[in-house]
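Only one structure is covered here, and it is reproduced in the block below.
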Amino acid sequence: MLVVDRDGCVLYELFSAYVQPDGSWRAYSGAVFDLKSNGLRPETWTSADAAGLPILPGLVRYDEVAAGEINHALRFTAPQTRRAYVWPARHYASSLTGSQYPPMGQRFRLKAGYDVSGFSPQVQVILRALKKYGMILADNGSSWYISGAPDERWDNDVLRELKRVPGSAFEAVDSRALMIERDSGQAR
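In terms of our numbering, the sequence shown is residues 12 to 199.
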């Protein structure tokens, strides 16, 4: 569950939130983010995401796609991850140590030469963002699953086109060159 306090510029994110019989809410974990700051959570802290990152900034939003441009990295999940994390992530959620598994926070970018012309205009917007900003591994889950904000205007048949993009069309990015400060999410 994501809640934005627009007046206070605060983001509240809850993992596995549910209403109890008495009407109160409970959640397995939660995090609070100051939207006026680029500050990250302390090292080793999780959030509603296994990587300890905020979910909201990495979501694909319908209005961005409709406007023709996404100006940020996207978040995605993978079924198996390494017991490690790299900037900007703050936490891991695995016991696997093999280098064949990506660490939380790993950024992948769609290769510049990947031809997107055969995709619908909506999907081309998403693919261009993946070429420019990439996507950041944020949680364990479905394979190469990119998260979007719920919106009744999405056409799921169109979005299924993303399944045509093979994992081999992506390259891992060394994000250390993007980092300005270890405890900040601000990037170059």
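We treat Cβ as the ideally placed atom computed from N, Cα and C, and that holds for glycine. Computed from a predicted model, the values in this text were never measured in an experiment.
Taking Cβ positions, are residue 100 and residue 62 nearer each other than 7 Å?
Looking up residue 100 in the sequence shown gives position 89. Looking up residue 62 in the sequence shown gives position 51. Closer than 7 Å, so yes.
Measure the Cβ-Cβ separation of residue 131 and residue 172 and say whether it is below 7 Å.
The residue labelled residue 131 in the question sits at position 120 within the sequence shown. The residue labelled residue 172 in the question sits at position 161 within the sequence shown. Yes, these two residues count as a Cβ contact at 7 Å.
Nearest-angstrom Cα distance between residue 150 and residue 52?
In the sequence shown, counting from the first residue as 1, residue 150 sits at position 139. In the sequence shown, counting from the first residue as 1, residue 52 sits at position 41. Rounded to whole angstroms, residue 150 to residue 52 spans 16 Å at the Cα level.
Quick check on DSSP: helix, strand or coil for residue 178?
As a working mapping, residue 178 is identified with position 167 in the sequence shown. It is helical.
When you compare only the Cα positions, how much space is there between residue 69 and residue 108?
For this step, residue 69 is matched to residue 58 along the sequence shown. For this step, residue 108 is matched to residue 97 along the sequence shown. The alpha-carbon atoms of residue 69 and residue 108 are separated by roughly 26 Å.
Starting from residue 151, trace the beta strand (DSSP E) in both directions and tell me its first and last residue.
Here residue 151 corresponds to residue number 140 of the sequence shown, with the count starting at 1. Counting along the chain, the beta strand (DSSP E) containing residue 151 begins and ends at 146 to 151.
Any idea if residue 137 is buried or exposed, counting beta-carbon neighbours within 10 angstroms, 16 or more meaning buried?
Start at 1 with the first residue of the sequence shown, and residue 137 comes out as number 126. So residue 137 counts as buried.
Do residue 198 and residue 147 have their CB atoms nearer than 7 Å?
For the purposes of this step, residue 198 is identified with residue 187 of the sequence shown, where counting begins at 1. For the purposes of this step, residue 147 is identified with residue 136 of the sequence shown, where counting begins at 1. No, the pair does not count as a contact, with Cβ atoms beyond the cut-off.
Considering only the alpha carbon of each residue, which of 125, 139, 117, 80 lies closest to residue 86?
If you number the sequence shown from 1, residue 86 lands on position 75. Among 125, 139, 117, 80, the Cα nearest to that of residue 86 is on 117.
Any idea if residue 77 is buried or exposed, counting beta-carbon neighbours within 10 angstroms, 16 or more meaning buried?
For this step, residue 77 is matched to residue 66 along the sequence shown. The residue is exposed, with fewer than 16 neighbouring Cβ atoms inside 10 Å.
Does the stretch 30 to 47 come close enough to the stretch 175 to 182 that 3 or more CB-CB pairs lie under 8 Å?
No contact exists between the stretch 175 to 182 and the stretch 30 to 47.
Thinking C-beta only, is residue 182 closer than 7 Å to residue 122?
Here the question's residue 122 lines up with position 111 in the sequence shown. Here the question's residue 182 lines up with position 171 in the sequence shown. Their beta carbons are under 7 Å apart, which means residue 122 touches residue 182 by this criterion.
So, residue 65 versus residue 95, is the Cβ gap smaller than 7 Å?
The residue labelled residue 65 in the question sits at position 54 within the sequence shown. The residue labelled residue 95 in the question sits at position 84 within the sequence shown. For residue 65 and residue 95, no; Cβs fall outside 7 Å.
Is it the case that the Cβ atoms of residue 42 and residue 59 are separated by a distance below 7 Å?
Sequence index remark: in the sequence shown, residue 42 carries index 31 (1-based). Sequence index remark: in the sequence shown, residue 59 carries index 48 (1-based). Yes, the pair counts as a contact, with Cβ atoms nearer than the cut-off.
For residue 24, count neighbouring C-beta atoms within 10 Å of its own C-beta (all shown protein chains included) and say buried if the count is 16 or more, exposed if not.
Within the sequence shown, residue 24 is the residue found at index 13, counting from 1. Buried is the call here.
Hey, how far is the Cα of residue 191 from the Cα of residue 144?
Numbered from its first residue, the sequence shown carries residue 191 at position 180. Numbered from its first residue, the sequence shown carries residue 144 at position 133. Each residue's alpha carbon lies about 16 Å from the other.
Just to confirm, are residue 72 and residue 188 a CB contact at a threshold of 7 Å?
The sequence position of residue 72 within the sequence shown is 61, counting from 1. The sequence position of residue 188 within the sequence shown is 177, counting from 1. Contact: no.
Can the beta-carbon of residue 133 be found closer than 7 Å to that of residue 127?
Locating residue 133 in the sequence shown gives position 122, counting from the first residue. Locating residue 127 in the sequence shown gives position 116, counting from the first residue. Their beta carbons are not under 7 Å apart, which means residue 133 does not touch residue 127 by this criterion.
What residues match up with residue 58 in a beta bridge as DSSP calls it?
Stepping through the sequence shown from its first residue, residue 58 is reached at position 47. In the DSSP output, where bridge partners are listed per residue, residue 58 has none listed.
For residue 120 versus residue 105, is the C-beta distance shorter than 7 Å?
Here residue 120 corresponds to residue number 109 of the sequence shown, with the count starting at 1. Here residue 105 corresponds to residue number 94 of the sequence shown, with the count starting at 1. Contact flag unset, no.
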